[in-house]
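Engineer: Quick one: this structure, given as structure tokens, is what I'll be asking you about.
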Amino acid sequence: MNDADPLVPSHLRIHRLPDHYVIVESDMPFWTTQDTRNALISTMIPAAVAGSAFCMFTNDGEVTKWWSTVNKPKWAPTDVRLYSAVDLLTLSPLGYASYLVFKNGGGFDYNDTRLALGLYGLNLGLAVFTIPIIKKKQLGCLWKNTALIHLTAAGAAYAFYKIDKTAGLLLIPYALWTGFYAFLTYSIDKENKAVKDF
886 MNDADPLVPS HLRIHRLPDH YVIVESDMPF WTTQDTRNAL ISTMIPAAVA GSAFCMFTND
946 GEVTKWWSTV NKPKWAPTDV RLYSAVDLLT LSPLGYASYL VFKNGGGFDY NDTRLALGLY
1006 GLNLGLAVFT IPIIKKKQLG CLWKNTALIH LTAAGAAYAF YKIDKTAGLL LIPYALWTGF
1066 YAFLTYSIDK ENKAVKDF
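Have a look at this one:
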């Protein structure tokens, strides 16, 4: 592509004709070793978020003790390690998905890509913000934060899917898991308010 060619996302190809251009969808965007490196680096970001939350829960005895004494619904799993394992499994593909959106959506040159990656970034920020909320033992704030995490995860999954179907599908388990978290933390807050009110 030379300087006179129009700017298009990598999932599209330009066919130059003598007097005009034809832009068509490509079956496979060009993928380089640099793309592989960038995808791996992108994958480390959500994995680091999950890892830091896991370390906080397992290394902070006060938080672990508090969480074990909080009233939970009977249907809720009790082992913190289970939550952390599912967090890691559902968060790990997010970085790769975000890189697919960045690459196939044309980077930050396009509004839909900026919106999708903005929702993703907001979601990760809210997820990191969960750590101080838990340390302060604020159940009301926790369920509201997890509801926002779920809404931004669902929004990002939809926005990703519009740009790259694989990326959108990779976010679905995370969006479902955060929906479970939102319902769980709402139920926990409700049960503990009932105990305080009683």
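One point on numbering: in our numbering, the residue at position 80 of the sequence shown is 965, and numbering is uninterrupted.
No residue lacks a Cβ here, since even glycine has one placed at the ideal position from N, Cα and C.
#1: Taking the C-alpha atoms as reference points, what is the distance between Lys1050 and Thr921?
#2: Leaving aside the five residues before and after Asp945 along the sequence, list all residues of the same chain whose C-beta is less than 8 Å from its C-beta, in chain order.
#3: Measuring alpha carbon to alpha carbon, tell me which of Leu1002, Leu1069 and Leu1054 ends up nearest Thr1031.
#4: Closest by CA to Val934, which one among Ser983, Tyr906, Gly1010 and Tyr981?
#5: Check for me: the alpha helix (DSSP H) holding Val971 runs from which residue to which?
#6: Whole angstroms is fine: what's the gap from Val1013's alpha carbon to Leu1027's?
#7: Closer than 7 Å by C-beta to Pro1058: which residues in its own chain qualify, once you throw out the five before and the five after it? Chain order, please.
#8: Do the CB positions of Val986 and Ala932 come within less than 7 Å of each other?
#9: Under three-state DSSP, which class holds Val907?
#10: Less than 7 Å between the C-beta atoms of Ala1038 and Asn1008, yes or no?
#11: Which two residues bound the contiguous alpha helix (DSSP H) that contains Asn923?
#12: On the premise that Tyr981 lies in contact with Leu1054, defined as a C-beta separation below 8 Å, what is that separation, rounded to the nearest angstrom?
#13: Under a Cβ-count criterion, where at least 16 other Cβ atoms within 10 Å of its own Cβ denotes burial, should Ala1067 be classed as buried or exposed?
#14: Please report the straight-line C-alpha distance between Ala961 and Leu1061, rounded to a whole angstrom.
#15: Within this structure, are the beta carbons of Thr984 and Ser927 separated by less than 7 Å?
Structural biologist: So, from the data block:
#1: Those two C-alpha atoms are separated by around 19 Å.
#2: Contacts found: Lys1020.
#3: A check of alpha carbon separations from Thr1031 across Leu1002, Leu1069 and Leu1054 identifies Leu1069 as the nearest.
#4: For the residues Ser983, Tyr906, Gly1010 and Tyr981, the minimum Cα distance to Val934 belongs to Gly1010.
#5: Residues Val965 to Asn989.
#6: If I take the Cα positions, the gap works out to 12 Å.
#7: Shown here for Pro1058: same chain residues with a beta carbon closer than 7 Å to its own, the five before and five after excluded, namely Thr975 in chain order.
#8: For Val986 and Ala932, no; Cβs fall outside 7 Å.
#9: Strand, per DSSP.
#10: Yes, the pair counts as a contact, with Cβ atoms nearer than the cut-off.
#11: For Asn923, the enclosing alpha helix (DSSP H) starts and ends at Thr918 to Asn944.
#12: Contact check for Leu1054 and Tyr981: beta-carbon distance about 12 Å, past the 8 Å limit, so the pair fails to qualify.
#13: Per the 10 Å Cβ criterion, buried.
#14: Cα to Cα, the separation comes out at about 16 Å.
#15: Checking the displayed sequence, the identity of residue 984 turns out to be Tyr instead of Thr. One thing to note: Tyr984 has its Cβ within 7 Å of the Cβ of Ser927.
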